[in-house]
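Undergrad: One structure is given below, represented as structure tokens, and several questions about it will come after.
Residue numbers (mature numbering (1 follows the signal peptide of the UniProt record, and there is no 0)): -26 to -1, 1 to 117.
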């Protein structure tokens, strides 16, 4: 018959080995997942475009945002943060981003959505005219 210490050591070693195997399997499963989210942004209307007295341009627009982000959700994803940004370059800065809309997707069931909205944040540029902005990108971050 083995002593109590020997039995406890064997049980603890077995438990740690199983835990290490479970961690390795979880890591491998997460690395094998290749998400393929899709999105489409359509600007429907420029509500107003004004030039402020200090030379800044400001725009308000109405847009449709549709996205299918269900592939971003795995067993380890609590929520996904999504934001829509207009990206453009200027002679002074190679990359400018203006956040137009954001949202938190709490579950996989809410990850496929269509929304009709206007820009949530002021679309304003302090340096140059924004009339030439052509790209908008939907960014998402899993948490």
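All C-beta atoms, glycine included, are put in the ideal place defined by N, C-alpha and C.
Are the Cβ atoms of residue 73 and residue 95 separated by less than 7 angstroms?
TA: Locating residue 73 in the chain shown gives position 99, where the first residue counts as 1. Locating residue 95 in the chain shown gives position 121, where the first residue counts as 1. The Cβ atoms of residue 73 and residue 95 sit closer than 7 angstroms to each other.
Undergrad: Smallest Cα separation from residue 85: which of 60, 43, 111?
TA: Here residue 85 corresponds to residue number 111 of the chain shown, with the count starting at 1. If we check each option's Cα against that of residue 85, 43 comes out closest.
Undergrad: Would the segment 76 to 90 count as touching the segment 49 to 58 if we require 3 or more Cβ pairs under 8 angstroms?
TA: yes
Undergrad: Would you call residue 76 buried or exposed, if buried means 16 or more other Cβ atoms sit within 10 Å of its Cβ?
TA: As a first step, residue 76 is located in the chain shown; it is residue number 102 there, counting from the start. By the 10 Å Cβ count, residue 76 comes out exposed.
Undergrad: Since residue 40 and residue 21 are thought to touch, with beta carbons under 8 angstroms apart, how far apart are those beta carbons, to the nearest angstrom?
TA: For the purposes of this step, residue 40 is taken as residue 66 along the chain shown, with counting starting at 1. For the purposes of this step, residue 21 is taken as residue 47 along the chain shown, with counting starting at 1. In this structure residue 40 is not in contact with residue 21, their Cβ atoms being roughly 20 angstroms apart against a cut-off of 8 angstroms.
Undergrad: Just the C-alpha distance for residue 24 and residue -2, rounded to the nearest angstrom, thanks.
TA: Here residue 24 refers to the residue found at position 50 of the chain shown. Here residue -2 refers to the residue found at position 25 of the chain shown. When rounded, the distance between both Cα atoms is 56 angstroms.
Undergrad: Please return the same chain residues whose Cβ sits closer than 6 angstroms to the Cβ of residue 14, not counting the five positions on each side in sequence.
TA: Here residue 14 refers to the residue found at position 40 of the chain shown. Excluding sequence neighbours, residue 14 sits near 40.
Undergrad: Below 8 angstroms on the Cβ atoms is my contact criterion, and I expect residue 48 with residue 4 to pass it. Report the Cβ-Cβ distance as a whole number of Å.
TA: Indexing the chain shown from 1 puts residue 48 at position 74. Indexing the chain shown from 1 puts residue 4 at position 30. That belief holds up - the Cβ atoms of residue 48 and residue 4 are roughly 6 angstroms apart, short of 8 angstroms.
Undergrad: Is it right to say residue 93 is buried, meaning 16 or more other beta carbons lie within 10 angstroms of its own, or is it exposed?
TA: Taking the first residue of the chain shown as 1, we reach residue 93 at position 119. With 16 or more other Cβ atoms within 10 Å, it is buried.
Undergrad: Can you give the Cα-Cα distance for residue 37 and residue 62, rounded to whole angstroms?
TA: Here residue 37 corresponds to residue number 63 of the chain shown, with the count starting at 1. Here residue 62 corresponds to residue number 88 of the chain shown, with the count starting at 1. Those two C-alpha atoms are separated by around 18 angstroms.
Undergrad: For a test of the three-state rule: what should DSSP assign to residue 41, helix, strand or coil?
TA: If you number the chain shown from 1, residue 41 lands on position 67. Of the three classes helix, strand and coil, the one that applies to residue 41 here is strand, per DSSP.
Undergrad: Return the CA-CA distance between residue 59 and residue 111, expressed in angstroms with no decimal places.
TA: Here the question's residue 59 lines up with position 85 in the chain shown. Here the question's residue 111 lines up with position 137 in the chain shown. Cα-Cα distance, rounded: 5 angstroms.
Undergrad: List in chain order: all unbroken beta strand (DSSP E) runs of 3+ residues lying wholly within the segment 11 to 65.
TA: 12 to 25, 31 to 42, 54 to 62
Undergrad: Using the Cβ count rule (16 or more neighbours within 10 Å means buried), how would you classify residue 56?
TA: If you number the chain shown from 1, residue 56 lands on position 82. Answer is buried; the Cβ neighbour count reaches 16.
Undergrad: Can you tell me which residues form a DSSP beta bridge with residue 90?
TA: Within the chain shown, numbered from 1, the residue matching residue 90 stands at position 116. BP columns for residue 90 point to 38.
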